[in-house]
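Step one of this worksheet: look at the structure below.
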Amino acid sequence: MKLGSRCLAAILSFFISTTVWAACPNPGESRMQLQVLGAGGPRASAGRASASYLVWIDGVGRILVDAGGGTKDAFHAVGANFDDIDLVALSHLHPDHSAELPALLWPAGGSALVAGPTAGDAFPSIGEWLDTMFGAEGAFPILGPRIELDSITVDVTSADPVVVYRDGDILVQGLSVPHGPVPAIGFRIDVGEASVVFSSDQNGSDPAFLDFAQGVDVLVIHLAGSETYRIGPEALHARPSVWGLMATAADAGHVLASHISTPSPEELEARLGYLQDNYGGPVTVAEDLMCLDVR
Ligand SMILES: [Zn+2]
Ligand SMILES: [Zn+2]
764 MKLGSRCLAA ILSFFISTTV WAACPNPGES RMQLQVLGAG GPRASAGRAS
814 ASYLVWIDGV GRILVDAGGG TKDAFHAVGA NFDDIDLVAL SHLHPDHSAE
864 LPALLWPAGG SALVAGPTAG DAFPSIGEWL DTMFGAEGAF PILGPRIELD
914 SITVDVTSAD PVVVYRDGDI LVQGLSVPHG PVPAIGFRID VGEASVVFSS
964 DQNGSDPAFL DFAQGVDVLV IHLAGSETYR IGPEALHARP SVWGLMATAA
1014 DAGHVLASHI STPSPEELEA RLGYLQDNYG GPVTVAEDLM CLDVR
């Protein structure tokens, strides 16, 4: 390691949170915990599975956000049970966010509400996608009789958040986010005073997202693009510096940097540096199975 990169690593280790993560489920001081089932991205991700997060509320794993490839093992390893899942919130239908759902449902099946986007570009709506996966003419008709999945669609042409789930003081909202031509949704979960926002894959060009995420306790960002990643409406991902500016503008209390799609520690370090040049709050690098109190 050169001296310069060693200094950078030392600086980063100072600024990156060293919070001790609670085991999940652990109601602890907060009623909500966020557990990472997959912190990786679409490409080789240094052993991380693709995107998936489990939200524990009052000690029960009730909300699954995304279901990317490789996350079934983690779902079972953390003691989650699909019978407890009320809501599956799929940010979009790229395989690294959705491909594991059939595996999670096999063989026991289950019932849940599934939230996802309207159709667009090469992608069906969430309702059409569920039909093509589990309908009688679908890819996995064997699962049809074992599951009961209702869908709720978030209109990606609307600038307004959509309530996708509410139960007492649990509120889940979805909002369209710009992921190039791909219909995609960010999700915000509020449980009492605690809140988490899942940014999804996005290029960071829509200021409406900053209102949506305003004052959030934990902002989950997808650090899939480099600092030289293309910009413009066709861009799929935000540059790390843009994520930092967004976290600052949203007044996020804590950033969880996830969807890490690089096998190179040096490149990850560089991206974190650009992020933290523009956001002064605590940043934690997501790892599979990591769990944190949301407060
Ligand atoms: Zn992705
Ligand atoms: Zn994507």
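No gaps in the numbering here: position 174 of the sequence shown is 937 in our numbering, and each next residue is one more. Don't be surprised by glycine CBs; every beta carbon is placed ideally from N, CA and C. The structure presented is a predicted model; accordingly, all values stated were derived computationally and were not measured.
Sort the options by Cα distance to residue i and report the nearest one.
i	options	result
residue 804	919, 1050 and 1056	1050
residue 814	858, 974 and 820	858
residue 941	958, 928 and 880	880
residue 980	1016, 797 and 878	1016
residue 1044	982, 989 and 908	982
residue 818	977, 850 and 861	850
residue 1011	883, 854 and 1039	1039
residue 823	863, 834, 847 and 954	847
residue 918	947, 825 and 910	947
residue 909	885, 866, 934 and 935	866
residue 834	845, 842, 820 and 812	812
residue 877	944, 1025 and 926	926
residue 944	792, 787, 999 and 840	999
residue 891	915, 870 and 871	915
residue 1056	807, 820 and 802	820
residue 825	797, 837 and 1022	797
residue 882	893, 875, 873 and 964	893
Would you grab the beta carbon distance between residue i and residue j for me? Rounded to a whole angstrom, and I think it's under 8 Å.
i	j	result
residue 827	residue 868	Residue 827 to residue 868, Cβ: 11 Å. No contact.
residue 990	residue 1020	That pair is no contact at about 14 Å.
residue 1035	residue 1046	7 Å
residue 975	residue 938	5 Å
residue 792	residue 993	Their Cβ separation, rounded to whole angstroms, is 42 Å, which puts residue 792 and residue 993 out of contact at 8 Å.
In the DSSP assignment, find the alpha helix (DSSP H) that holds residue i and state where it starts and stops.
i	result
residue 889	889-897
residue 880	Here residue 880 belongs to no alpha helix (DSSP H); instead the beta strand (DSSP E) covers 873-880.
residue 1039	1028-1039
residue 1004	1003-1012
residue 802	Counting along the chain, residue 802 falls outside any alpha helix (DSSP H), and DSSP gives it neither H nor E.
residue 742	No statement about residue 742 is possible, as the shown extent of the chain runs from 764 to 1058 and does not include it.
What residues match up with residue i in a beta bridge as DSSP calls it?
i	result
residue 991	Residue 991 is not bridged to any residue.
residue 959	952 and 981
residue 913	876
Please report the residue range of the beta strand (DSSP E) in which residue i lies.
i	result
residue 925	925-930
residue 1056	1054-1056
residue 837	Element bounds for residue 837: not the beta strand (DSSP E) but the alpha helix (DSSP H), 835-840.
Open item on the list: Just to be sure I understand the criterion: a residue counts if its Cβ is closer than 5 Å to at least one heavy atom of ligand 2. Which residues meet that?
Closed with: Output, sorted by chain position: 857 and 964.
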